[in-house]
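Start counting the sequence shown at 12; every next residue gets the next number (our numbering). Glycine is no exception: its CB is placed at the ideal position from the N, C-alpha and C atoms. Since the model is a prediction, treat every value here as computed from it, not as a measurement.
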Amino acid sequence: MQILMLGVKEFPYGISAKYEKFPGGGTARYVISISKHLADNGFVVHLIVRKMPGQKLYESIGNLKIHRVFWINNKYLRWPSFSIASFLRSFSIINKIDLIHSHGSFDAIFGIILSRLFKKKIIGTPHGLTSFQAEGRYNKITVRLTASLERMSFRKLDKIIFLTNAERDVVFEKLNMNHLNYEIVNMAIEPIQVNRTQSTLFKIVFIGRLVPIKGLENLLCALKQIPENILKSIKLFIVGDGFIRTELEQFSKDHKLDEFVHFEGFTTNIEQYLNDASLYILPSTGGEGLPVSMLEAMSAGVPCMVSNFEAPFSENTFISLSNNNLKQLQNQLFITLKILQNYKVLVKKGNWKSKINFQ
Numbered sequence: 012m013q014i015l016m017l018g019v020k021e022f023p024y025g026i027s028a029k030y031e032k033f034p035g036g037g038t039a040r041y042v043i044s045i046s047k048h049l050a051d052n053g054f055v056v057h058l059i060v061r062k063m064p065g066q067k068l069y070e071s072i073g074n075l076k077i078h079r080v081f082w083i084n085n086k087y088l089r090w091p092s093f094s095i096a097s098f099l100r101s102f103s104i105i106n107k108i109d110l111i112h113s114h115g116s117f118d119a120i121f122g123i124i125l126s127r128l129f130k131k132k133i134i135g136t137p138h139g140l141t142s143f144q145a146e147g148r149y150n151k152i153t154v155r156l157t158a159s160l161e162r163m164s165f166r167k168l169d170k171i172i173f174l175t176n177a178e179r180d181v182v183f184e185k186l187n188m189n190h191l192n193y194e195i196v197n198m199a200i201e202p203i204q205v206n207r208t209q210s211t212l213f214k215i216v217f218i219g220r221l222v223p224i225k226g227l228e229n230l231l232c233a234l235k236q237i238p239e240n241i242l243k244s245i246k247l248f249i250v251g252d253g254f255i256r257t258e259l260e261q262f263s264k265d266h267k268l269d270e271f272v273h274f275e276g277f278t279t280n281i282e283q284y285l286n287d288a289s290l291y292i293l294p295s296t297g298g299e300g301l302p303v304s305m306l307e308a309m310s311a312g313v314p315c316m317v318s319n320f321e322a323p324f325s326e327n328t329f330i331s332l333s334n335n336n337l338k339q340l341q342n343q344l345f346i347t348l349k350i351l352q353n354y355k356v357l358v359k360k361g362n363w364k365s366k367i368n369f370q
């Protein structure tokens, strides 16, 4: 069987960080990982990705076929230019394809057009809901238009693959639809191998793209409210890059947090931050699928504090933020810093749970 994967924008993972400010996130890591495993198990997998300087337009790695296209490196044009180029490139390989698998809301639209034109089966994984993520950051017309496009595309998929029950529930609730053909397939990750050591400071680690949905503004505001005698024992490492990095760095400097907050930029070597991390934190404002970095932190034995996107774990495996407002984040951080020893059981339970269900 030959599969066309739509939605991943680079190969290998992390290559785009050398050439743009907005490198790929967890979705790219997931798609590349699952594509490699499918290829290793006899499936022929085609990826259409952006061409970076010095890369070949076509590369064959066993059963993994990499097709690269030109694109415009601009904040506003990079997605539409890549989407159009990859859509046109797919015409040259579509006849040999047995199944299309789209990742993300908008790539599903192009996949559906291909499936209808060439009578191919298509499945799709949302990886969160774009319209939900846009709430509060874009005007209501934009949000409604995005939701309408998502509703239309999801209905035309032959099957939707949700990563969690929570992701399914968000789609059903926000798009007012519950008669979809779907399966729930938990995300798989490569386990993180680290030699856990004890940091002399309380080391908080965030790993992900620096975009509004991640709630980093609230996190910095919460740190600002922590008493100075406690704050001086904290280091926050923000690992990742994105278009709000400059304003986050400026906020940190303006409020005299730069002594405690370190912006590390993008890296593929997250093990160096998880080795002695005291706490992994993800204060997202909503719309998450199932974050890869959270599963990796759990597999490395790091306690996790996660916002209320209804992660598929029992409450005794991570620290849950009942909501994502500033006061809740501030209070939970303070409590955790004061009585972390009570959360040590989370490490073993979270690590065990991630190994059982997500590797």
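In DSSP terms, what residue i is bridged to
i    : result
C315 : Y291
K246 : K214
G276 : V250, G251
G135 : S113, I171
S126 : Note: S126 sits in no beta bridge, so no partner.
I281 : None; I281 has no bridge partner.
M16  : L58, H112
Y30  : The partner list for Y30 (beta bridge, DSSP) is empty, contrary to what the question assumes.
Pick from the options that is closest to residue i, judged by C-alpha positions
i    : options                : result
N25  : T38, M16, L17, Q13     : A small correction: the amino acid at residue 25 is Gly; Asn does not occupy that position in the sequence shown. If we check each option's Cα against that of G25, T38 comes out closest.
A308 : L290, R127, P294       : L290
E260 : P238, K243, C232       : C232
P23  : P202, P64, M12, F98    : P64
N197 : E21, H138, Q341, L125  : H138
N189 : I255, N176, K86        : N176
L234 : Q204, V250, H266, E258 : H266
I195 : P202, V182, I171, V205 : I171
I43  : Y87, N280, H114        : H114
S116 : R162, I95, T328        : R162
I255 : I237, F274, L247       : F274
T279 : K264, A288, S304       : S304
R40  : G226, F173, A119, K20  : K20
S244 : I215, G253, L221       : I215
F173 : I108, E228, W90, A199  : A199
K185 : S142, K86, N342        : S142
N192 : Q209, N106, F165       : F165
N106 : G53, S92, N150, R127   : R127
I203 : R79, L306, R89         : L306
Q209 : T257, K67, G73, A288   : A288
A28  : T257, G276, F329, S92  : G276
I124 : E282, K167, N229       : K167
G219 : G53, L337, S310, I281  : I281
Sub-8 Å separation of residue i and residue j beta-carbons
i    : j    : result
S101 : L15  : yes
D169 : I134 : yes
I224 : T296 : yes
I59  : S103 : no
L17  : A50  : no
I111 : K131 : yes
L293 : S318 : yes
I237 : F217 : no
F121 : S159 : no
D411 : L221 : Residue 411 lies beyond the stretch modelled for the chain, which goes from 12 to 370, so this question has no answer here.
V205 : N286 : yes
L348 : L340 : no
S46  : V56  : yes
L301 : E201 : no
G312 : R155 : no
N84  : Y30  : yes
K67  : V80  : no
L242 : F271 : yes
Q13  : I108 : yes
Reduced DSSP category for residue i - H, G, I as helix; E, B as strand; rest coil
i    : result
S331 : strand
Y354 : Summary for Y354: the model assigns pLDDT 48, below 50, so the residue's position carries little reliability, and this model does not support an answer.
E21  : coil
E194 : strand
S365 : Confidence is the limiting factor: at S365 the pLDDT is only 48, short of 50, which leaves the residue's position unreliable and the question unanswerable from this model.
Q370 : Because the pLDDT at Q370 is just 48, under 50, the model does not fix this residue reliably, and the point stays unresolved.
(request) Give, in chain order, every unbroken run of the beta strand (DSSP E) that is at least 3 residues long and sits entirely within the region 37 to 105. (result) 55 to 61, 69 to 72, 75 to 80
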